[in-house]
Every structure is written in C-alpha cells, then in structure tokens.
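> 0 is the number of the first residue of the sequence shown in numbering that gives the first Met the number 0; add one for each residue after it. Glycine is no exception: its CB is placed at the ideal position from the N, C-alpha and C atoms.
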Amino acid sequence: MQLNLEEAREGPVDLSHRFSFDASRLERPELLALAPVEFRGRLTKSEAGFIVTGTVRFSGSVACSRCLAPVTFEGEETVSWVFSPAPDPKHGPSQEEILLGRDDFDVVHYREPRIHFDPFIEEELQLEIPLKALCRESCKGLCPTCGIDRNSATCACTPGEDSRWETLKVLTERKPR
Ligand SMILES: [Zn+2]
Ligand SMILES: [Zn+2]
C-alpha cells in the first residue's frame, strides 16, 4: 500500500486496506497460517507533519510450542505513527535508516511524501504473532525419544530417559564406594 502524505494537506483522509502477507516471508517458522490483515485508519495533517492512526485486525494460527498442533490467534490493535519531514533533505538518512531510526514515539522521518506502508503493518504484526503458543496450559508435548504426541497417546519410553544420562548413571554406579 502506498501512502501519499500530501493527500491530507486539504483535510483528513480515511484509509482502508487489506494486506495479504506471505506467511513464509515473515520468517516465523511457527506461523502456520495468516489471514489478510485489515487496516482502517485516518491520515491527518499536524504541526509535526502528518499523523496516521487506526486499527489493525489480524488472525491466523501458529504451532503449539510443545506438540506442534495448530493454535489460532486473533486480535485488534490500535496503531499510530507521526510522519515528520527529515531534518536535512540533502544529507538525510536512507529509507532503511529512516525505518531503523524510529524512536519510542513512533516518529518516522520521511524525505518523500509517498510512503511504502506495508513494512509498518508488518512490524506491528511481528509483535502480535504469539511467541511460544500453547494449545492448552497442560499440553504434554511430544515424546523427545519417539516423537509421539503425549496428549493423545502413550509410549513405552521412560520419561526423561536419554541415553547420555543412562551412560552417566552407569558410570556413577560403577564407582567404588
Ligand atoms: Zn500442545
Ligand atoms: Zn516415546
């Protein structure tokens, strides 16, 4: 989505866009599916430059961090950015530096009034995709030895059994007392 800040010179502009992000491009291996992200907002002129405010609605599914079963998530977040002209247009930072240089107030310095808006929504999305999701609080996970889903099946493996520790135990037992 291209955002043209100049459009708000004469008055506020309503924004509405549906972003279709490729789930694999977000580099979150736990992300299984991502529905199109809905953005609704408003672009207004301010003393500092321009302000974008709005809401981002998203939903999708991630793999349970213990058993890999799909866990759905959805949410709605309010977002806002202040777009302020870069101090020195002749020696201003690159587009990348503009993005990296964003401070806590989400002030974005721009040189060109046409802004590629997708990265801003993508960054918000990265914060909203759950980390270490669980299908349920009591998820038993996969057996580390045979890989069976311990929520739905049981295996003969001894819990915590690991050949390395077995070896250690044998060595300990061999020690003369
Ligand atoms: Zn699970
Ligand atoms: Zn097992």
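#1: Could you give the first and the last residue of the continuous beta strand (DSSP E) run that contains residue 14?
#2: To which residues of the same chain is residue 39 closer than 6 Å at the C-beta, ignoring the five residues directly before and after it?
#3: In whole angstroms, what separates the C-alpha of residue 160 from that of residue 36?
#4: Please determine whether the Cβ atom of residue 62 lies at a distance below 6 Å from any heavy atom of ligand 1.
#5: Listed by chain order, which residues have C-beta atoms less than 7 Å from any heavy atom of ligand 1?
#6: Specify the secondary structure class of residue 103 as computed by DSSP and reduced to three states.
#7: Could you please give the first and the last residue of the uninterrupted alpha helix (DSSP H) stretch that includes residue 86?
#8: Closer than 6 Å to a non-hydrogen atom of ligand 2 - does that hold for the CB of residue 153?
#9: Mind checking residue 108: buried by the 16 CB within 10 Å criterion, or exposed?
#10: If you follow the beta strand (DSSP E) that residue 37 is part of, which residue opens it and which one closes it?
#11: Nearer than 6 Å: is that true of the beta carbon of residue 144 relative to any heavy atom of ligand 2?
On the basis of the supplied data:
#1: As a working note, residue 14 is residue 15 in the sequence shown. Unbroken beta strand (DSSP E) run through residue 14: 12-18.
#2: What you label residue 39 is simply residue 40 of the sequence shown in a count that begins at 1. Here the set comprises 15, 53 and 54.
#3: Taking the first residue of the sequence shown as 1, we reach residue 160 at position 161. Taking the first residue of the sequence shown as 1, we reach residue 36 at position 37. For residue 160, the predicted structure reports a pLDDT of 48, less than 50, and the residue's modelled location is therefore unreliable. A value from the coordinates is still provided. Straight across, the Cα-Cα distance linking residue 160 with residue 36 is about 44 Å.
#4: The count along the sequence shown starts at 1 and reaches residue 62 at position 63. Incorrect: residue 62 has no Cβ contact closer than 6 Å to ligand 1.
#5: Qualifying residues, in the order they occur: 63, 65, 66, 68, 133, 134, 135, 138, 140 and 150.
#6: On the sequence shown, residue 103 is found 104 positions in, with the first residue counted as 1. At residue 103 the pLDDT is 49, less than 50, meaning the model places this residue with poor confidence and gives no usable figure here.
#7: Counting from one through the sequence shown, the residue named residue 86 turns up at place 87. It is not in any alpha helix (DSSP H) - residue 86 carries neither H nor E in the DSSP assignment.
#8: To locate residue 153, count along the sequence shown from 1; it is residue 154. Checking the Cβ of residue 153 against ligand 2 gives no.
#9: The residue given as residue 108 occupies position 109 in the sequence shown. Buried, because 16 or more other Cβ atoms sit within 10 Å of the Cβ of residue 108.
#10: Within the sequence shown, the letter at position 38 stands for residue 37. Residue 37 -> beta strand (DSSP E) spans 36-44.
#11: Position 145 of the sequence shown holds residue 144. Relative to ligand 2, residue 144 has its C-beta within less than 6 Å of a heavy atom.
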